[in-house]
Amino acid sequence: MPNDAPAQVTRTRSGRPVTVLEAISEALWEEMERDERVFLMGEDIGAYGGAFKVTRGFLDRFGPSRVIDTPISEGGFTGAAAGAAHMGLRPVVEMQFMDFISPAYDVLTNYIATSLYRGAGPMPLVVRGPVGGGNRGGPFHSQNVEMAFFHTPGLKIVYPSNPRDAKGLLKSSIRDDNPVIFEEHKGLYRAPHCREVLPSEDYVIPLGSARTALEGEDLTIVTYGLMVHRSLEAAAELARDGIRAEVVDLRTLLPLDEEAIADSLKKTGKLLIVHEDTRTGGIAGEIAIRMNERAFEWLDGPILRVTAIDSPVPFSGELEDYFLPGVGDVVTAARYLVGY
Amino acid sequence: MPNDAPAQVTRTRSGRPVTVLEAISEALWEEMERDERVFLMGEDIGAYGGAFKVTRGFLDRFGPSRVIDTPISEGGFTGAAAGAAHMGLRPVVEMQFMDFISPAYDVLTNYIATSLYRGAGPMPLVVRGPVGGGNRGGPFHSQNVEMAFFHTPGLKIVYPSNPRDAKGLLKSSIRDDNPVIFEEHKGLYRAPHCREVLPSEDYVIPLGSARTALEGEDLTIVTYGLMVHRSLEAAAELARDGIRAEVVDLRTLLPLDEEAIADSLKKTGKLLIVHEDTRTGGIAGEIAIRMNERAFEWLDGPILRVTAIDSPVPFSGELEDYFLPGVGDVVTAARYLVGY
Amino acid sequence: MTPEPAGHAPNSFPATLGSEVARDLLYLGFQARFLEARVRDLARSEVLHADLAGFRVDPRSTVLARAMRGGTDGKGDLCHPGPLAPGPALAFGATPLEFLRHLAGKGTSSASAREGGLSWTDLRRGIIGWGAPRGGTATQVLAGAAFAFRQRGEDRAALVFERRSALQSGGWHEGVNLAGALGVPLIVVLAAPQTGDGSDHADIEAVAASYGIAFARVGRDSPERIFPTVAAARRRAVNGEGPTLIELLDAGDGNRWEHHDAFAELAVTEDGLPEQVLDAIRKAAAAGVEHAAARLAKEPGPSTRDALVPVCTDAAPHPPWTRRDPPAPDTPAPNDAMGPPHAE
Amino acid sequence: MTPEPAGHAPNSFPATLGSEVARDLLYLGFQARFLEARVRDLARSEVLHADLAGFRVDPRSTVLARAMRGGTDGKGDLCHPGPLAPGPALAFGATPLEFLRHLAGKGTSSASAREGGLSWTDLRRGIIGWGAPRGGTATQVLAGAAFAFRQRGEDRAALVFERRSALQSGGWHEGVNLAGALGVPLIVVLAAPQTGDGSDHADIEAVAASYGIAFARVGRDSPERIFPTVAAARRRAVNGEGPTLIELLDAGDGNRWEHHDAFAELAVTEDGLPEQVLDAIRKAAAAGVEHAAARLAKEPGPSTRDALVPVCTDAAPHPPWTRRDPPAPDTPAPNDAMGPPHAE
Ligand SMILES: Cc1ncc(C[n+]2csc(CCOP(=O)(O)OP(=O)(O)O)c2C)c(N)n1
Ligand SMILES: Cc1ncc(C[n+]2csc(CCOP(=O)(O)OP(=O)(O)O)c2C)c(N)n1
Ligand SMILES: [Mg+2]
Ligand SMILES: [Mg+2]
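Line order of the protein sequences matches chains A, B, C and D.
With the first letter of the first sequence counted as 1, position 58 gets the number 57 in numbering that gives the first Met the number 0; the numbers rise by one all the way through.
With the first letter of the second sequence counted as 1, position 190 gets the number 189 in numbering that gives the first Met the number 0; the numbers rise by one all the way through.
With the first letter of the third sequence counted as 1, position 117 gets the number 116 in numbering that gives the first Met the number 0; the numbers rise by one all the way through.
With the first letter of the fourth sequence counted as 1, position 253 gets the number 252 in numbering that gives the first Met the number 0; the numbers rise by one all the way through.
Written out as structure tokens, the structure is:
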């Protein structure tokens, strides 16, 4: 690695722990080093280094033909990324906040997701960016976007919960020949409690495989992203009452690892789904019907969910805290389910 | 009603049966007569009368300030409709095909759905247009769009299956103070088998209430739109074997009439959901988890679904027929479930 | 409601910049200046969000908006102040307290703290704030509102402020094209960016030409010249002559008060405004802002449950049972007792 | 693969309209004319969709596209023929059979009949067809492809045809703005609408000016003048001088073959092309189209199951169990025997 590498991509090399944000920077840097077809597009990602500084120092190393500051036109530059992908490049598009992916909804669902299907070949393209609430960002800087895309055949959706997964999954996403939506929770970016030392060698984590974050016997909690941490906190609280929760971290939402969910459910008989996104039309529904299709007879209680309230993300801190699902909500629901 | 009314809005007046398309035209015409705040926007809806001729003759009667031919810019004119709604008008926006609502996804989910929430007051606006497959329209003229909006708090989604409901629900939608997405299946527009004589007086059908299309004891089929007809055909076939299916026509998808679904499920103990839209992330999931939450102990078998395949809508007729759910699929699934 | 401070008549609509308007502009300018200082203080002392420590007001935007017809009854002109709030909002009759409530996320704000910061909407005042990510939405919405004015034959127009980077967004083009095609009474102001280079490539005058709509450029001129530019655009607009695109040139960073100070001086020297009157105006503005800040401190935050109700008029988004009223864990009730997890 | 008809050299790229290119254009024009007639016949006899009874080809689009550098190896220029397919597609080396396969939804089409009609993509040929509703997507995509050419320093450019109503769509503006900002080798052709008024309000030359990109207008001129306009735009493009916007004026309805006939006449009189050679070219074109139509009739439809697999490279969307392999209704198997209802 050349000496001009910025600090946030050299921590693993020197054996130091990294945050989720640094893990993402490292993945981007290493993939750009490894494969000259990989390039970045986004608003203010060059000289400014990005709103969250994920790409600080990248412009100096890779130059303006691989680190492209775009106009403020998410639809337009996502469409352009698709054209570059047709020609064999591997664009990684940053949304400054993932909320701003909505002007690119048309091109993502109609053009990009259907490319292979229409005979236009593979579409190796990643759209990544920060998601999630808890930062007092109000309705347009706090959304989770998975359900805007979960219904579209041809897309993949990844949502990591920790540095190791973030790095390995982002590398897999960049190497994947399909378009991937990659969600990064702002609340995890710099969270001190989830810094960790990563393997120094190149590694990937395959898309589509969930991870057991905690083993247990009494109920299964299926979750992802920041809610993995809330669920683990809840599990610790439940453990004090002798309730052993199993926590499954989905990591990839599409394709969904229904095998892993079914395996855990068959062990525990109880299924609670926890997501930060709002309730109606959230991913919990799809999980519920797949478990009906695959594991109905193992259910010893209803499939339940803990989610945000059906509302835009509120501006005020008090309202936002009320809106978001909390550890206490998970504990309450889990207790109810175990006692069912 | 003045004499200059075009043929397709005068059939009920003269006691003749109407198609779904004529019912929609009548609803629009009568609401425009009743309330001068109601106006129409869309591509080629004026002089040309619309791609499907829903608004033929409207320009002559209501003039160009209430029947507006827009540029080809779905996002832009939907945003403009929102501004007109702020000022007390009641816009009804036509998408030439509902597939083209995707460029308006941003303004619908961010601006329009959140209006009341942001303190910007009611947003009485309807976006309507043709949806659905079976017409060899290929991937961009055949989509169902409900799941693009089902996850957005603040929107309502209506999807009628017959002329009576289409007229009554569209009138309710226009009178509602919330934004409504109104889906009209092309396969029903002129279907001769679902022409009917409508009440001659002004009537509405409230949003959010499902309808029992067929009473039965052995299983519940929950469905909507064109699939109501497929499900009724399947029910007729099942009846020959003595299986009595209850068919629930949702009519409104958001808000979802979970009460009606639960009531039927509690009677039959078996639930099959049938939708034309693709499988993963379809509405069947939300119904499944709500029934887990409300009626788990009444379930005598898994909640199952019959849907289109997870793929864009195919161009070729052979592929499209294979892709779409058919009567045989419903029969097979129902038999399985009843025998469970 | 806070009392309406003296010196401001939101319903007056002068065709030219007479002395009454001049005094009003002086008042608005001072009000903006004091509000700016107060907001920065409150941000530093963490009553307001730390980002607001850089809060500033462009007085030219106040002058531009003052040339429109304000109102407090929802029947005046409409303004999207965009990135230039609060200048235009004040010119449209918003009080400093109303503004502060939004900045602070108070339950008393018109959005009950569900939305806030620089983004706020109050249709009674004729103010439509950000309601979406950037992307031209505001221009589309105001174009549609202006259409309603024209359809009903009202003497009303709409004014939308955006940064010039709006040119990069397709939604903005769709809004302007529609406004031009329908000939609605819309005035679109594109302001130079406050920070950075804005990545702009487009020539605004040529943009106006391409849509066949009127164009004007205003810059470091005195309010005497800025004001009539907008007044003329508004006249054309309500006369059915269609939209105008106005380029508001960069005021620079250091000189953002230059115009107001020059204007105050001019009012004294040319219009013969007595120094004492100027001083009284200044004091009234300061007092209004201080009153607002004091009152703000006493106002409550939002009520969590009630604030979240109006997502959809007939949908009470009450919390799922798992969140608020769970059955006791050791007495599993019959399923129905759980109640709907979420009412529509 | 159908044999490559004689008379067409997709890889040649003349800088000027020499006699080789002239003969090629004559061939392409006849080919388009015969294809047009054949498609209309097939539509009337219901082999093709009834809508195609109005199928027609604009020969000017063929000339424009022929000034680009075709290819069959995925390394030539790129073209989105848009509403003017198949003229440009033929100029890019597509065979009539390939075209007919798409129109007919044959399993042999490059999209295995999953997509078809006038919309088709074949990257080997450098053709990118409609892949979304109208809305400027094609212009964005080709701008991005052109960016790839420039980034790799390749001698390639991209050509996109849209109707002039593309100006109404924000997505188109975003694509052109980006192309201009990045200075990519893109040529954007806006053709007059074929039907209706198009509800256009924008002035195309002013649009080019607003984005600071080059502009040219081509119309009823002879190919000698259309061809060098594009050739010059292409030269500028690959020299790093950025995109060009070309307005293609209405050819009218009745006279759509005028250009080609005039051109054929010119080739005989001015270039001294022997009548027999012209005749041979005409016959070769007719034979190629007839060959294609005959072969089409023998080709199979798509295989239902296999055709739907490639939605996502590693996701076989096999039908849910409820659709294809249900367990016998009277022998409810243990749940697991159902298999996954849908594999990822
Ligand atoms: C659709 C959308 N994309 C991106 C953003 C994020 N964003 C907010 S302000 C801004 C920069 C604006 O730059 P400019 O217009 O130059 O204004 P300045 O801040 O420099 O005054 C960006 C990218 C957004 N809010 N909405
Ligand atoms: C986003 C989108 N909106 C609408 C349509 C439907 N549509 C297809 S062609 C067309 C009319 C195009 O008019 P014009 O550009 O004048 O071309 P013409 O057919 O007159 O040549 C429309 C509205 C579409 N395909 N995509
Ligand atoms: Mg800037
Ligand atoms: Mg037209």
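Backbone N, C-alpha and C define an ideal beta-carbon position, used for all residues, glycine too.
Cα-Cα separation between C/Asp313 and B/His184, rounded to whole angstroms: If you number the third sequence from 1, residue 313 of chain C lands on position 314. If you number the second sequence from 1, residue 184 of chain B lands on position 185. Caution applies to C/Asp313, whose pLDDT of 44 falls short of 50 and renders its modelled position unreliable; the model cannot decide the point.
Closest by C-alpha distance to D/Val20, when choosing among D/Gly152, D/Met67, D/Glu173 and D/Ile212: Here residue 20 of chain D refers to the residue found at position 21 when the fourth sequence is read from its first residue. The option with the nearest alpha carbon to D/Val20 is D/Met67.
Hey, would you say the C-beta of B/Glu42 is under 8 Å away from at least one heavy atom of ligand 2? Translated into the one-based positions of the second sequence, residue 42 of chain B becomes position 43. The answer is yes for B/Glu42.
beta-carbon C/Ile203 near ligand 1 non-hydrogen atom, thresh 8 Å: Here residue 203 of chain C refers to the residue found at position 204 of the third sequence. Because no heavy atom of ligand 1 lies under 8 Å away, the Cβ of C/Ile203 does not count as near it: no.
Using a C-beta cutoff of 9 Å, does B/Arg189 count as contacting chain A? Translated into the one-based positions of the second sequence, residue 189 of chain B becomes position 190. Chain A, which has no Cβ nearer than 9 Å to the Cβ of B/Arg189, makes this no.
Are A/Glu287 and B/Ala287 close, meaning C-beta to C-beta below 9 Å? As a working mapping, residue 287 of chain A is identified with position 288 in the first sequence. As a working mapping, residue 287 of chain B is identified with position 288 in the second sequence. Sequence inspection shows Ala at residue 287 of chain A; the Glu mentioned does not correspond to that position. Going by C-beta atoms, A/Ala287 is nearer than 9 Å to B/Ala287.
Taking the C-alpha atoms as reference points, what is the distance between A/Gly316 and B/Gly120? Within the first sequence, residue 316 of chain A is the residue found at index 317, counting from 1. Within the second sequence, residue 120 of chain B is the residue found at index 121, counting from 1. If you take the alpha carbons of A/Gly316 and B/Gly120, they lie about 23 Å apart.
Under 8 Å from any heavy atom of ligand 2, does the C-beta of B/Ile71 make it? On the second sequence, residue 71 of chain B is found 72 positions in, with the first residue counted as 1. For ligand 2, at least one heavy atom lies less than 8 Å from the Cβ of B/Ile71.
Buried or exposed for D/Thr268, please, with buried defined as at least 16 other CB atoms from any protein chain shown within 10 angstroms of its CB. The residue given as residue 268 of chain D occupies position 269 in the fourth sequence. Label assigned to D/Thr268: exposed.
Mapping the DSSP letters down to three states, classify B/Ala209 as helix, strand or coil. Against the second sequence, residue 209 of chain B aligns to sequence position 210. Judged by DSSP in its simplified three-state form, B/Ala209 adopts coil rather than helix or strand.
Against chain A, with Cβ distances strictly below 9 Å, would C/Ser109 count as a contact? What you label residue 109 of chain C is simply residue 110 of the third sequence in a count that begins at 1. Under the 9 Å criterion on CB atoms, C/Ser109 is classed as non-interfacial with respect to chain A.
Under 7 Å between beta-carbons, which chain B residues line up against A/Gly284? List them in chain order, please. Residue numbering aside, residue 284 of chain A sits at position 285 when the first sequence is read from its first letter. Chain B residues near A/Gly284: Gly284, Glu285, Ala287 and Ile288.
Indicate whether B/Gly137 and D/Ser118 have their beta-carbon atoms separated by less than 9 Å. As a working note, residue 137 of chain B is residue 138 in the second sequence. As a working note, residue 118 of chain D is residue 119 in the fourth sequence. It is a contact, given that the beta carbons lie within the stated cut-off.
Starting from the beta carbon of C/Pro301, find every residue of chain A whose beta carbon is closer than 7 Å, and list them in chain order. On the third sequence, position 302 is the one that residue 301 of chain C refers to. The contacting residues are Ser315, Glu317 and Leu318.
Mind checking whether B/Arg10 and B/Met31 have CB atoms under 9 Å apart? In the second sequence, counting from the first residue as 1, residue 10 of chain B sits at position 11. In the second sequence, counting from the first residue as 1, residue 31 of chain B sits at position 32. Cβ atoms of B/Arg10 and B/Met31: not closer than 9 Å.
Beta bridge counterpart(s) of A/Met40 as assigned by DSSP: For the purposes of this step, residue 40 of chain A is taken as the residue at position 41 of the first sequence. DSSP lists A/Ile67 and A/Val92 as partners of A/Met40.
From D/Ala64 to D/Gly86, what distance separates their C-alpha atoms? Locating residue 64 of chain D in the fourth sequence gives position 65, counting from the first residue. Locating residue 86 of chain D in the fourth sequence gives position 87, counting from the first residue. Rounded to whole angstroms, D/Ala64 to D/Gly86 spans 8 Å at the Cα level.
Please identify the residue among A/Lys269, A/Tyr223, A/Ala84 and A/Val246 whose C-alpha is closest to the C-alpha of A/Ala234. As a working note, residue 234 of chain A is residue 235 in the first sequence. Nearest of A/Lys269, A/Tyr223, A/Ala84 and A/Val246 to A/Ala234, Cα basis: A/Val246.
At the level of alpha carbons, what is the spacing between A/Asp256 and A/Arg278? If you number the first sequence from 1, residue 256 of chain A lands on position 257. If you number the first sequence from 1, residue 278 of chain A lands on position 279. Near 21 Å, if we compare the C-alpha coordinates of A/Arg278 and A/Asp256.
Residues of chain D with CB under 8 Å from C/Gln167, in chain order? Working through the third sequence from its first residue, we reach residue 167 of chain C at position 168. The answer, in chain order, is Glu173 and Asn176.
Where B/Tyr202 falls, given that 16 or more other Cβ within 10 Å makes a residue buried: Working through the second sequence from its first residue, we reach residue 202 of chain B at position 203. With fewer than 16 other Cβ atoms within 10 Å, it is exposed.
Taking 8 Å as the cut-off, is the CB of A/Gln95 close to at least one heavy atom of ligand 2? Translated into the one-based positions of the first sequence, residue 95 of chain A becomes position 96. Every heavy atom of ligand 2 is 8 Å or more from the Cβ of A/Gln95, so no.
Starting from the C-beta of D/Ser198, find all residues in its chain whose C-beta is less than 8 Å away, skip the five residues before and the five after it, and write them out in chain order. Indexing the fourth sequence from 1 puts residue 198 of chain D at position 199. Residue placement at D/Ser198 is poorly supported in this model, since its pLDDT is 47, which falls under 50; the coordinates still yield a value, given next. Ser164 and Gln167, listed in sequence order.
Closest Cβ-Cβ distance between C/Ala306 and chain A: below 9 Å? Working through the third sequence from its first residue, we reach residue 306 of chain C at position 307. Yes, C/Ala306 lies at the interface with chain A (some Cβ there is under 9 Å from its Cβ).
By DSSP, does D/Thr348 sit in helix, in strand, or in coil? Since the first residue shown for chain D is 0 and the last is 343, residue 348 of chain D is missing from the structure and cannot be characterised.
Using CA atoms only, rank isn't needed, just tell me which of D/Tyr26, D/Ser111 and D/Gln139 is closest to D/Phe91. Within the fourth sequence, residue 91 of chain D is the residue found at index 92, counting from 1. Closest option to D/Phe91, Cα to Cα, is D/Tyr26.
Alpha carbon to alpha carbon, how far is D/Leu277 from B/Cys193? Counted from its first residue, the fourth sequence places residue 277 of chain D at position 278. Counted from its first residue, the second sequence places residue 193 of chain B at position 194. Each residue's alpha carbon lies about 59 Å from the other.
7 Å Cβ cut-off: residues of chain D touching C/Ser350: The structure shown does not extend to residue 350 of chain C, since chain C spans only 0 to 343, so no value can be given for it.
Going by beta carbon distance, what residues of the same chain come within less than 6 Å of C/Leu51, once the five residues before and after it are set aside? Sequence index remark: in the third sequence, residue 51 of chain C carries index 52 (1-based). Contacts found: Val38 and Ala42.
How is the alpha helix (DSSP H) around B/Lys266 delimited, first residue to last? One-based indexing of the second sequence puts residue 266 of chain B at position 267. Where B/Lys266 is concerned, the enclosing alpha helix (DSSP H) stretches over Glu257 to Thr267.
Give every residue of the same chain whose Cβ lies closer than 8 Å to the Cβ of C/Pro299, excluding the five residues on either side of it in the sequence, and list them in chain order. Here residue 299 of chain C refers to the residue found at position 300 when the third sequence is read from its first residue. Closer than 8 Å at Cβ, skipping near neighbours: Lys105, Gly106 and Thr107.
Mind checking which residues open and close the alpha helix (DSSP H) that includes B/Leu414? In the structure as shown, chain B starts at 0 and stops at 339, and residue 414 of chain B therefore has no counterpart that could be examined.
Residues in its own chain within less than 7 Å of D/Glu35 by CB, not counting five upstream and five downstream? Taking the first residue of the fourth sequence as 1, we reach residue 35 of chain D at position 36. Same-chain partners within the cutoff: Phe54, Arg55 and Val56.
Report the residue ranges of all beta strand (DSSP E) runs contained in full by the segment 73-157 of chain D; include only those spanning at least 3 residues, in chain order. 77-79
Which one or two residues does DSSP pair with A/Ala81 in a beta bridge? Indexing the first sequence from 1 puts residue 81 of chain A at position 82. Answer is none; A/Ala81 lacks a bridge partner.
Can you tell me where the beta strand (DSSP E) holding B/Asp276 begins and where it ends? Stepping through the second sequence from its first residue, residue 276 of chain B is reached at position 277. It spans Leu270 to Thr277 - the beta strand (DSSP E) in which B/Asp276 sits, taken as one unbroken run.
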